[in-house]
Amino acid sequence: METLFTKIINREIPADIVYEDDISLAFKDISPQAPFHVLIIPKKPIATINDIEEGDREVIGHLYYVAGKIAKEHGFDEAGYRVVMNCNNDGGQTVYHIHAHLLAGKPMGWPPYTDRLKVG
Ligand code: AMP
Numbered sequence: 111m112e113t114l115f116t117k118i119i120n121r122e123i124p125a126d127i128v129y130e131d132d133i134s135l136a137f138k139d140i141s142p143q144a145p146f147h148v149l150i151i152p153k154k155p156i157a158t159i160n161d162i163e164e165g166d167r168e169v170i171g172h173l174y175y176v177a178g179k180i181a182k183e184h185g186f187d188e189a190g191y192r193v194v195m196n197c198n199n200d201g202g203q204t205v206y207h208i209h210a211h212l213l214a215g216k217p218m219g220w221p222p223y224t225d226r227l228k229v230g
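If you're matching positions, the sequence shown starts at 111 in the working numbering and goes up one per residue.
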């Protein structure tokens, strides 16, 4: 199923792209949760972490390579940063095309979660 991230890859909707290569695309999150918040996605549309196959190992590893590369290029390597991937509802996933969040530019707490209110 096509998500809005496929549309960003295909330039059907705009995004503030910070990096692109044959395997991946990285762009600024539209609702940043840190001073610097980038999403790094594979061009291959994999829905969730549960859907990663053995043959995807290189693609997934590549996302981390790109995260480090972008963090270094923007000067966050020494201070540090966070890379996180949410999975399904309880993980807070809202777009079903896997993506690594690269968050930087402020000290972050641990644990990383806040409980979401359940209505009803
Ligand atoms: P997740 O909740 O882990 O699935 O993350 C999805 C992320 O996509 C959220 O942080 C959203 O703010 C972000 N997002 C949604 N639509 C767009 C968009 N059009 N461009 C950039 N980021 C987006």
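Just so it is clear, CB atoms sit at the ideal spot from N, CA and C, and this is done for glycine as well.
Every value quoted in this text rests on a predicted model; they were computed, and no experiment measured them.
What does the shell around ligand 1 hold, if a residue joins when its beta-carbon is under 7 Å from any heavy atom?
Leu-114, Ile-118, Ile-123, Ala-125, Phe-137, Lys-138, Asp-139, Ile-140, Ser-141, Gln-143, Leu-149, Asn-196, Gly-202, Gln-203, Thr-204, Val-205, His-209 and His-211
Use the C-beta contact count for Pro-152: other C-beta atoms within 10 angstroms, 16 or more gives buried, fewer gives exposed.
Start at 1 with the first residue of the sequence shown, and residue 152 comes out as number 42. It is buried - the Cβ of Pro-152 has at least 16 other Cβ atoms within 10 Å.
What first and last residue would you give for the alpha helix (DSSP H) that runs through His-172?
Counted from its first residue, the sequence shown places residue 172 at position 62. It spans 167-183 - the alpha helix (DSSP H) in which His-172 sits, taken as one unbroken run.
Applying the criterion that 16 or more other CB atoms from any shown protein chain within 10 Å of the CB defines a buried residue, is Tyr-223 buried or exposed?
As a working note, residue 223 is residue 113 in the sequence shown. Looking at its Cβ environment, which holds fewer than 16 other Cβ atoms inside 10 Å, Tyr-223 is exposed.
Take Ile-180 and list the residues in its own chain whose beta-carbon comes closer than 8 Å to its own, dropping the five residues that flank it on each side.
Within the sequence shown, residue 180 is the residue found at index 70, counting from 1. Result list for Ile-180: Val-128, Tyr-129, Ala-136, Val-148, Ile-150 and Leu-212, in chain order.
Could you tell me how far apart the beta carbons of Leu-133 and His-172 are, in whole angstroms, since I believe they sit closer than 8 Å?
For the purposes of this step, residue 133 is taken as the residue at position 23 of the sequence shown. For the purposes of this step, residue 172 is taken as the residue at position 62 of the sequence shown. The displayed chain sequence assigns Ile, not Leu, to residue 133. 5 Å between Cβ atoms; contact.
Tell me which residues share the same chain as Gln-203 and place their Cβ nearer than 8 Å to its Cβ, disregarding the 5 neighbours each side in the sequence.
Reading the sequence shown from its first residue, position 93 is the one you call residue 203. Around Gln-203: Thr-158, Asn-196 and Cys-197.
So, Val-205 versus Phe-146, is the Cβ gap smaller than 8 Å?
Within the sequence shown, the letter at position 95 stands for residue 205. Within the sequence shown, the letter at position 36 stands for residue 146. Taking 8 Å as the Cβ cut-off, Val-205 and Phe-146 do not qualify as a contacting pair.
Per DSSP, Leu-213 is paired with what?
The residue labelled residue 213 in the question sits at position 103 within the sequence shown. The partner list for Leu-213 (beta bridge, DSSP) reads His-147 and Arg-192.
Relative to ligand 2, is the shortest distance from any of its heavy atoms to the C-beta of Glu-164 smaller than 7 Å?
Annotation note on ligand 2: not contained in the displayed structure, which lists ligand 1 as its ligands.
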